[in-house]
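Here the structure is laid out as structure tokens; the discussion comes afterwards.
In the UniProt record's numbering, the protein residues as written are 1 to 284.
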């Protein structure tokens, strides 16, 4: 009998994916997790009824979350990833030779363990890199209490339901600001502006209260159904999202021109060109 798995994130919009083979389907300590094979998207992970990862297109989200802020910053040595238990963002962060340490704070150990078992190519050895530190903890608690200061903080969270909801609050963003080193950058997963406009609008409002530069950038990941994905952007250095193409190209060359499938120096600039309806969410 055929099995179809439905994504339930949106109130008036449903998508179903055919599960050709189910590899895992159970409650973890924090959330419902299913991993299955699909002929179009490859191996898929869903948490609480929402697609988190597809092996066919994971490179889009992971590259854009990591490389845009790191190449904008230019000399980030200490990076914090909140969430990201699949290891994809960690993999991309560690491609930057100037990064000396990457801390990954994940609330659900099961996500890391299952991702390492079923998605080994996503982390691609990143968890075993000597620069990696894994902390199993509530990200809000970790950021509130840490004495470390980070050049870049990447919030690779689920949507604001279940355990991910607290990662969209002003209190959490305030703690992130405290944990940033001077000139640091905060980047957040902020959903699909077409279907989740209020999510981006609220986060951008908080960013404007806390930082000198609050904005967003975009990338399109096919398995995140409903349009472009937005990444929230917050920093006190207003110059970081306005670099010229040649500067990004020089930084990419210095980093070794590692291979990418979505990010490119010109995509770095293009990602900040927002359609009017999204720009209005960010600026008003």
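All C-beta atoms in this analysis are idealised placements derived from N, C-alpha and C, irrespective of residue type, glycine included.
Worksheet item: What span of residues does the beta strand (DSSP E) with residue 88 cover, start to end?
Response: Looking up residue 88 in the chain shown gives position 88. Segment 88 to 93 is the alpha helix (DSSP H) holding residue 88; no beta strand (DSSP E) there.
Worksheet item: Excluding the five sequence neighbours on either side, which residues of its own chain have a C-beta within less than 8 Å of the C-beta of residue 39, listed in chain order?
Response: Position 39 of the chain shown holds residue 39. These residues qualify, in order along the chain: 18 and 20.
Worksheet item: With respect to the alpha helix (DSSP H) encompassing residue 275, which residues constitute its N-terminal and C-terminal limits?
Response: As a working mapping, residue 275 is identified with position 275 in the chain shown. Counted as a single uninterrupted DSSP element, the stretch harbouring residue 275 is not any alpha helix (DSSP H), since DSSP gives it neither H nor E.
Worksheet item: What separation, rounded to the nearest whole angstrom, lies between the Cα atoms of residue 31 and residue 25?
Response: On the chain shown, position 31 is the one that residue 31 refers to. On the chain shown, position 25 is the one that residue 25 refers to. Straight-line Cα distance between these residues: approximately 11 Å.
Worksheet item: Measuring CB to CB, does residue 126 end up less than 8 Å from residue 153?
Response: Position 126 of the chain shown holds residue 126. Position 153 of the chain shown holds residue 153. No, the Cβ-Cβ distance between residue 126 and residue 153 is not below 8 Å.
Worksheet item: Straight-line CA distance for residue 212 to residue 1?
Response: Locating residue 212 in the chain shown gives position 212, counting from the first residue. Locating residue 1 in the chain shown gives position 1, counting from the first residue. Their Cα atoms are separated by approximately 55 Å.
Worksheet entry | Residue from 264, 238 and 77 with nearest C-alpha to residue 208 | By 1-based counting over the chain shown, the position of residue 208 is 208. For the residues 264, 238 and 77, the minimum Cα distance to residue 208 belongs to 238.
Discussion item. Any contact between the segment 248 to 261 and the segment 220 to 231? By contact I mean 3 or more CB pairs, one from each, below 8 Å.
Written reply: no
Worksheet item: Given 8 Å as the limit, is there contact between the segment 266 to 282 and the segment 75 to 92, that is, 3 or more CB pairs closer than that?
Response: no
Worksheet entry | Host alpha helix (DSSP H) of residue 29 (start-end) | Residue 29 sits at position 29 when you count from the first residue of the chain shown. That residue, residue 29, is in no alpha helix (DSSP H); it is neither H nor E in DSSP.
Item to complete: May I have the straight-line CA-CA distance separating residue 272 from residue 173, to the nearest angstrom?
Response: On the chain shown, position 272 is the one that residue 272 refers to. On the chain shown, position 173 is the one that residue 173 refers to. One C-alpha to the other measures close to 21 Å.
Practice prompt. Say whether the segment 39 to 48 touches the segment 59 to 78, bearing in mind that this needs 3 or more beta-carbon pairs closer than 8 Å, one atom from each stretch.
Written response: no
Worksheet item: Going along the chain, which residues of its own chain have a beta-carbon closer than 7 Å to the beta-carbon of residue 245, five neighbours each way excluded?
Response: Taking the chain shown and counting its residues from 1, the one referred to as residue 245 is at position 245. Same-chain partners within the cutoff: 265, 266 and 269.
Item to complete: For residue 277, count neighbouring C-beta atoms within 10 Å of its own C-beta (all shown protein chains included) and say buried if the count is 16 or more, exposed if not.
Response: Here residue 277 refers to the residue found at position 277 of the chain shown. Looking at its Cβ environment, which holds fewer than 16 other Cβ atoms inside 10 Å, residue 277 is exposed.
Discussion item. If distances are taken between C-alpha atoms only, which option among 107, 54, 33 and 34 comes closest to residue 41?
Written reply: As a first step, residue 41 is located in the chain shown; it is residue number 41 there, counting from the start. When only C-alpha atoms are compared, the closest one is 54.
Worksheet entry | Among 88, 147, 203 and 144, nearest to residue 132 - alpha-carbon criterion | Sequence index remark: in the chain shown, residue 132 carries index 132 (1-based). The option with the nearest alpha carbon to residue 132 is 88.
Worksheet item: How should residue 11 be labelled, buried or exposed, when 16 other C-beta atoms within 10 angstroms of its C-beta is the threshold for buried?
Response: Within the chain shown, numbered from 1, the residue matching residue 11 stands at position 11. Exposed is the call here.
Practice prompt. Give the straight-line distance between the Cα atoms of residue 15 and residue 224, rounded to the nearest whole angstrom.
Written response: For the purposes of this step, residue 15 is taken as residue 15 along the chain shown, with counting starting at 1. For the purposes of this step, residue 224 is taken as residue 224 along the chain shown, with counting starting at 1. Residue 15 and residue 224: Cα-Cα distance of roughly 10 Å.
Worksheet item: Nearest to residue 186 by alpha carbon, out of 231, 165 and 142?
Response: Start at 1 with the first residue of the chain shown, and residue 186 comes out as number 186. Taking only the C-alpha atoms, the option nearest residue 186 is 231.
Practice prompt. Give the DSSP bridge partners of residue 38, in chain order.
Written response: Here residue 38 is taken as the residue at index 38 of the chain shown, counted from 1. DSSP lists 42 as partners of residue 38.
Fill in: Proximity to residue 35 [Cα-Cα], best of 252, 116 and 97
Sequence index remark: in the chain shown, residue 35 carries index 35 (1-based). Checking every option, the nearest Cα to that of residue 35 belongs to 116.
Practice prompt. Could you tell me which of 118, 114 and 151 sits nearest to residue 77, measuring between CA atoms?
Written response: Here residue 77 refers to the residue found at position 77 of the chain shown. Ranking 118, 114 and 151 by Cα distance to residue 77 puts 151 first.
Worksheet item: Hey, which unbroken runs of the alpha helix (DSSP H) at 4 residues or more fall wholly within the segment 192 to 264?
Response: Entirely contained in the segment 192 to 264, the alpha helix (DSSP H) runs reaching 4 residues are, in chain order, 197 to 210 and 245 to 254.
Worksheet item: Relative to the C-alpha of residue 299, which residue among 7, 13, 74 and 33 is closest?
Response: Look at the range of the chain in this structure, 1 to 284, and you will see that residue 299 is not part of it.
Fill in: Status (buried if at least 16 other CB within 10 Å, exposed otherwise) for residue 215
To locate residue 215, count along the chain shown from 1; it is residue 215. Buried, since its Cβ has 16 or more Cβ neighbours within 10 Å.
Worksheet item: In this structure, does DSSP put residue 10 in helix, strand or coil?
Response: Position 10 of the chain shown, counted from the start, is the residue given in the question as residue 10. The answer is strand: DSSP assigns residue 10 an E or B state.
Practice prompt. Write down every uninterrupted run of the alpha helix (DSSP H) in the segment 83 to 148 whose length is 4 residues or greater and which is fully enclosed by it, in chain order.
Written response: 88 to 93, 109 to 118, 120 to 123 and 139 to 145
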